[in-house]
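Just below is one structure, and these are the notes that go with it.
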Amino acid sequence: METTLVLLKPSCVQRQLIGEIVNRFERRGLRISGMKMMQLNEDILRQHYAHLVDRPFFPGLAKSMMASPIVAMALTGVEAVQVVRDMTGFTNARKADAGTIRGDYAMSNQQNIVHASDSIENAAIELARFFRPEEIFDYHSAVEAFLYGAGEMG
Ligand code: UDP
Ligand code: MG
Numbered sequence: 013m014e015t016t017l018v019l020l021k022p023s024c025v026q027r028q029l030i031g032e033i034v035n036r037f038e039r040r041g042l043r044i045s046g047m048k049m050m051q052l053n054e055d056i057l058r059q060h061y062a063h064l065v066d067r068p069f070f071p072g073l074a075k076s077m078m079a080s081p082i083v084a085m086a087l088t089g090v091e092a093v094q095v096v097r098d099m100t101g102f103t104n105a106r107k108a109d110a111g112t113i114r115g116d117y118a119m120s121n122q123q124n125i126v127h128a129s130d131s132i133e134n135a136a137i138e139l140a141r142f143f144r145p146e147e148i149f150d151y152h153s154a155v156e157a158f159l160y161g162a163g164e165m166g
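Structural data, given as structure tokens:
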């Protein structure tokens, strides 16, 4: 099992799409192992988007990410990092496939509704950035035997 980080960005919260997006992850079979609303600040965004701080769009990106609270989620499942990334779709929502979250709900390269960790290594780093250890719950899912076949859970 892997756990990955998703952020429901201000573009999701403001458009009142929290429930719809959470529903998509739940329907897929991902287990919510942590969830909370947070107000981000420049400090955490400089860490979270360290690969982008020197890009000309960073100030606008940071502003858009602080425009309202966000919802941070920890999602758990077999190969959850890649599954969630695939559900998220291409960064520029105008280029994202229909059927992905960005392809179904967004029109922007920046206001693209969700963040999802892009690797197992980054998922661990990002989960530790947004959650304290006691805010992530390793509970048993009662339907696991019907979500996965024998041997698939490793
Ligand atoms: N972004 C932007 N302009 C760009 C590229 C990215 O505003 O030209 C924003 C966008 O909100 C994106 C975030 O920066 O989701 C992080 O960029 P990254 O390349 O990591 O894309 P992601 O992993 O979110 O698909
Ligand atoms: Mg990224």
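Sequential numbering from 13 applies to the sequence shown in my numbering.
Every residue, glycine too, gets a C-beta built ideally from N, C-alpha and C.
Because the structure is a prediction, the values reported are computed rather than measured.
Can you give me the start and stop residues for the alpha helix (DSSP H) that residue i sits inside?
i, result
"E38", "30 to 40"
"T100", "92 to 100"
Quick check: the Cα distance between residue i and residue j, rounded to an integer number of angstroms?
i, j, result
"Y160", "P22", "33 Å"
"E54", "A74", "7 Å"
"A110", "D116", "6 Å"
"G89", "R67", "33 Å"
"L87", "T16", "5 Å"
"G31", "N121", "22 Å"
"T103", "L19", "14 Å"
What residue does the beta strand (DSSP E) around residue i start on, and which one ends it?
i, result
"V155", "Neither: V155 is in no beta strand (DSSP E) and is coded neither H nor E."
"G46", "43 to 50"
"L87", "82 to 89"
Just to confirm, does residue i get its C-beta within under 8 Å of one of the non-hydrogen atoms of the ligand COA?
i, result
"L64", "The ligand COA is not among the ligands present in this structure, which contains only the ligand UDP and the ligand MG."
Any contact between the stretch 49 to 68 and the stretch 123 to 141? By contact I mean 3 or more CB pairs, one from each, below 8 Å.
Using a C-beta cut-off of 8 Å, the stretch 49 to 68 makes contact with the stretch 123 to 141, since at least three inter-stretch Cβ pairs fall below that distance.
Quick test of the definition: if touching needs 3 or more C-beta pairs under 8 Å, does the stretch 37 to 47 touch the stretch 91 to 106?
Under the 8 Å Cβ criterion, the stretch 37 to 47 counts as touching the stretch 91 to 106, having at least three qualifying pairs.
Completely contained beta strand (DSSP E) runs for the stretch 94 to 145, where each covers 3 or more residues
If only complete runs of 3 or more residues are kept, the stretch 94 to 145 shows the beta strand (DSSP E) at 126 to 128, in order along the chain.
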